[in-house]
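Enquirer: I have a structure here, written as structure tokens, and I will follow up with some questions on it.
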Amino acid sequence: GETTGVSEADRVVVLECQIDDMNPQIYGVLMERLTAAGALDVFYAPIQMKKNRPATSVTVIARPRDREALTTLLFIESTTIGVRVSEMDRSTLDREIVSIDSPFGMVRVKVARRNGTVLNVAPEFDDCARVAQEHGRSVKEIQAVVMKSWLDSGISS
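The sequence shown runs 8 to 164 under our numbering.
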């Protein structure tokens, strides 16, 4: 399969800002542009700010080398006037994408390991959604069938 990560600590930056005055339609575009510019993850959380204003907390996780570009993008694409930055360690699992032959065809599965031990297995959602559409089945049924196929494959070690 295809390896997609390493099981060791690495450094990331966390960019954060809170916005209480932006058209909510812009958030989708903001996330797309941050991701396209190299963000590892982008997420939003509802918060209350001063004067009891509802607002959105924007968090961007990125590689340190992308800090300036993503900070600039936050200033350009949103109404924030400040971005807080934290640098921290991040630990990740070894990840591998393997293709599993299921009764509905080939589906990719992400297998995560630590020190060679499988800790998590997840069928790729896009593959499951496509197969479900093609066969007129629910996504959750396809996910269950793919997990059984993975277990039956003996790749679990």
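Idealized CB from N, CA, C, for every residue including glycine.
Computed from a prediction, not measured in an experiment: that's the story for all the values here.
Less than 8 Å between C-beta atoms, sequence neighbours within five positions excluded: which residues of the same chain meet that for Glu-15?
Expert: For this step, residue 15 is matched to residue 8 along the sequence shown. In this prediction, Glu-15 has a pLDDT of 45, which is less than 50 and means its spatial position is unreliable; nothing more can be read from the coordinates.
Enquirer: Once the 5 residues before and after Asp-108 are set aside, which same chain residues still bring their CB inside 6 Å of it?
Expert: Reading the sequence shown from its first residue, position 101 is the one you call residue 108. Hits under 6 Å: none found.
Enquirer: Taking 7 Å as the cut-off, is the C-beta of Thr-124 nearer than that to any heavy atom in the ligand SAH?
Expert: The model depicted lacks the ligand SAH and carries no ligand whatsoever.
Enquirer: Starting from Lys-57, follow the beta strand (DSSP E) in both directions and report where the run begins and ends.
Expert: Residue numbering aside, residue 57 sits at position 50 when the sequence shown is read from its first letter. It is not in any beta strand (DSSP E) - Lys-57 carries neither H nor E in the DSSP assignment.
Enquirer: Specify the secondary structure class of Pro-31 as computed by DSSP and reduced to three states.
Expert: Taking the sequence shown and counting its residues from 1, the one referred to as residue 31 is at position 24. Coil at Pro-31, not helix or strand.
Enquirer: How should Phe-6 be labelled, buried or exposed, when 16 other C-beta atoms within 10 angstroms of its C-beta is the threshold for buried?
Expert: Nothing about residue 6 can be read from this structure; the chain reaches only from 8 to 164.
Enquirer: Specify the secondary structure class of Pro-130 as computed by DSSP and reduced to three states.
Expert: Taking the first residue of the sequence shown as 1, we reach residue 130 at position 123. DSSP places Pro-130 in strand when its eight states are reduced to three.
Enquirer: Which class does Ile-149 belong to by DSSP, given the choice of helix, strand or coil?
Expert: As a first step, residue 149 is located in the sequence shown; it is residue number 142 there, counting from the start. DSSP places Ile-149 in helix when its eight states are reduced to three.
Enquirer: In the DSSP assignment, find the unbroken alpha helix (DSSP H) run with Ile-107 in it and report its ends.
Expert: As a first step, residue 107 must be located in the sequence shown, where it is residue number 100. Where Ile-107 is concerned, there is no enclosing alpha helix (DSSP H), although the beta strand (DSSP E) it sits in stretches over 101-109.
Enquirer: Rounded to whole angstroms, what's the CA-CA distance from Leu-22 to Gln-32? Just pull it up for me.
Expert: Position 15 of the sequence shown holds residue 22. Position 25 of the sequence shown holds residue 32. Rounded to whole angstroms, Leu-22 to Gln-32 spans 21 Å at the Cα level.
Enquirer: Could you check the C-alpha separation between Arg-144 and Glu-131 for me, to the nearest Å?
Expert: As a first step, residue 144 is located in the sequence shown; it is residue number 137 there, counting from the start. As a first step, residue 131 is located in the sequence shown; it is residue number 124 there, counting from the start. Using only the alpha carbons, I get a separation of about 16 Å.
Enquirer: Taking the beta strand (DSSP E) that Ala-76 belongs to, which residues open and close that run?
Expert: The residue labelled residue 76 in the question sits at position 69 within the sequence shown. Segment 74-84 is the alpha helix (DSSP H) holding Ala-76; no beta strand (DSSP E) there.
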